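Working notes for the structure below.
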Amino acid sequence: MGKKTEPIPGASDIFPAEVAEWLLLEAEARRVFGLYGYGEVRTPVMERTAVFERSIGEQTDVVQKEMYTFEDRGGRSLTLRPEGTAGIMRALVDNGIPQGDEKRVYYIGPMFRGERPAAGRKRQFHQIGAECVGTVAPETDIETIEMLMRYFDAIGIRNTRLLVNSRGTVADRPKIADTLAAYFGDHLDDICEDCRRRLESNVWRILDCKNEACGNIVTGAPAITDLLSAESRDFFQRACDRLDLLELPYTVDPRLVRGLDYYEHTVYEIAFDGIGAQNSLAGGGRYAIEVPGHNQVVHGTGFAIGMERIILARHELGVATAAGNGIDAYLVSIGEEAFAANMKLARDLRRQGFRIAMDLQGRGTKAQMRTANKLEAPVALIRGDDELGRDMIVCKNLSASEQLEVTIADLPAHLQSTVDARFAGAAHAEE
RNA sequence: GUGGCUGUAGCUCAGUCGGUUAGAGCGCCUGGUUGUGGCCCAGGAGGUCGGGGGUUCGAAUCCCCUCAGCCACCCCA
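For the first sequence, position 77 matches number 1273 in the numbering used here, and the numbering has no gaps at all.
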């Protein structure tokens, strides 16, 4: 579409019909997370680049080739946030976390990564995430997962698969990496080109390779859980026990490693089939993050949900979202004087809280009625010069095709009764 | 960043051995006798066929380039 202006690649306009669903998803997140004592934080979409480089990991793909980084007027290197956790940690630490204190926060907003767009993958995408920061216990990991699953339940998403694994602690890493490197080094000829490269850059990712040949080699690889320190193994065992306790079905996936360096101990992913290659609705885990400028490591646990993906999943499941942006009445005018009077009437009714639509172009009665029908107005309020002279207005119930005249003074009460009746009907239908 | 597919009215698309003023359905607008919707009927508006270049007497249709979208790789939410 050559000359048309459009959003840049991987960014989308979202119109009212779709926004209704976004609002619902956001509202449910706020409600559910509130049940667990989480409060919303809003941090800038831009941060100093170091904030992300340091915490996500210099060697990760996200930092190396997916960040939108630019220089601002002062020559500072800034980056559009590629994920939410790093900025939240920066904000919390800046604000001071009392020792031993636990902070529970969540965020909702856009993230930016310069990847090639595909199904369920945008360059500007949106995440809902939660972080429980300041304490270290497998129980918080699992409570977080339970909250996440409760959220999915609340928005009608089922048939998900919970995959969990442990990455051990930072101290465990070198030993595991060396063991993996030694193993894959012995199978150099059997793994794909990408994985030979990963052998140098990030051995962990080989475990994640989708290539079938690599899969066979990976199957024979030493399991990470066997290489963990006794302490880490115990941590993971307790996490699994708590999943059992809360009756959350899960699968331990030894190949699940995640792409961000700050993870340690418990990591997990919620997979959903049927929405294309990007089948991960949410991911998260426990992390240890070092914030630039502060010499303390922040421990926390949390997850991020991809909004575009849960919307795809809901559509795949056929979950409907009520539009919720309808009107209470459509005001029909016949004649110049009635039109002017109706403009004032619309103003007054709106002031009283009624959602009113009316024609402002002087179209014919038929056209106005058609529009009322198209907008699914429950009632049409019809007033011409005739009614105007008698201080009356016709109130027509469009679904029942019945109409009666009411006085202008009685109109608000009458309208309210139709609204109440509709509300009661809708509530009844849901049972 | 690499590949595959696609790009014709607001939307979904038809239309290729190149040939008169480019089509359908839906949507939109106006009517079907005075001021009343949903169904039906009749009219109407709306497109430089993504853009540029080339071949040709002539191109939406063939060739090249370009832009955009989707999907996959990759990566992750």
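Think of the CB as a built atom: it goes at the ideal place given N, C-alpha and C, for glycine as much as any other residue. Here the structure is a predicted model, which means the values were calculated and not measured.
If you check the CB distance, Gly1280 and Tyr1303 come in under 8 Å.
The beta carbons of Glu1504 and Gly1296 sit no closer together than 8 Å. Beta-carbon to beta-carbon, Ser1428 and His1383 are separated by about 26 Å, too far to satisfy the 8 Å threshold. For the 8 Å CB-CB criterion, Ala1207 and Arg1369 do not form a contact.
The beta carbon of Glu1222 sits closer than 6 Å to those of Ile1304, all from its chain and outside the five residues before and after it, given in chain order. Around the CB of Gln1564, 16 or more other CB atoms lie within 10 Å, so the residue is classed as buried.
Taken in chain order, the whole beta strand (DSSP E) runs of length 3 or more contained in the region 1242-1271 are 1242-1244 and 1264-1267. Only residues of its own chain outside the window of five on either side were considered, and among them Phe1348 and Leu1513 have a CB closer than 8 Å to the CB of Arg1354, listed in chain order. Just measuring C-alpha positions, the residue of Phe1211, Leu1344, Arg1451 and Gly1549 sitting nearest Val1414 is Arg1451. Here Phe1468 carries a coil assignment [DSSP, helix/strand/coil]. At a Cβ-Cβ threshold of 8 Å, Ser1529 and Met1554 count as neighbours.
DSSP places Val1215 within a helical segment (H, G or I) once states are collapsed to three. Distance from the Cα of Leu1344 is smallest, within the candidate group Ala1225, Ala1282 and Ala1435, for Ala1225. In this structure, the alpha-carbon of Leu1584 lies about 13 Å from that of Lys1540.
Taken atom to atom, the span from the alpha-carbon of Gly1480 to that of Lys1570 is near 45 Å. For Asn1361, the enclosing beta strand (DSSP E) stretches over residues Arg1357 to Ser1362.
With respect to Leu1276, Val1241 sits close: the two C-beta atoms are nearer than 8 Å.
Inclusion of Val1258 and Gly1455 in the CB contact set at 8 Å is warranted, their separation being smaller than that value. Counting along the chain, no beta strand (DSSP E) covers Ile1351, and no H or E run does either.
In the DSSP assignment, Cys1591 is bridged to Leu1577 and Leu1600. Under DSSP, Arg1300 takes part in a beta bridge, and its partners are Cys1328. The beta carbon of Arg1618 sits closer than 7 Å to those of Pro1574, all from its chain and outside the five residues before and after it, given in chain order.
Looking only at Val1228, Tyr1379 and Ala1536, the smallest Cα-Cα distance to Ile1402 is reached by Tyr1379. Nearest in C-alpha terms to Glu1236, of all of Thr1245, Tyr1526, Thr1265 and Lys1299, is Lys1299. Non-local beta-carbon contacts of Asn1491 in its own chain, meaning distances under 7 Å to residues more than five positions away in sequence, are absent. With a threshold of 16 other beta carbon atoms within 10 Å, Ile1210 falls short and is exposed.
A Cβ-Cβ contact shorter than 8 Å links Pro1334 with Phe1431.
Under a 10 Å Cβ-count criterion, Thr1239 is classified as buried, with 16 or more other Cβ atoms of the shown protein chains found around its own Cβ. Between the alpha carbons of Thr1567 and Lys1592 lies a distance of about 14 Å. When only Cα atoms are considered, Cys1391 and Gly1352 end up about 38 Å apart. For Val1493, the uninterrupted beta strand (DSSP E) run begins and ends at Val1493 to Gly1502, by DSSP.
Apart from sequence neighbours up to five positions away, the residues of its chain that approach Asp1587 with a beta-carbon distance below 7 Å are Thr1603 and Ile1604, ordered along the chain. Glu1311 carries a coil assignment under DSSP once its states are collapsed to helix, strand and coil. At least 8 Å separates the beta-carbon of Ile1372 from that of Ala1435.
Per DSSP, the unbroken alpha helix (DSSP H) holding Thr1281 starts and ends at Thr1281 to Asn1291. Residue pairing of His1322 in beta bridges, as defined by DSSP: Pro1306.
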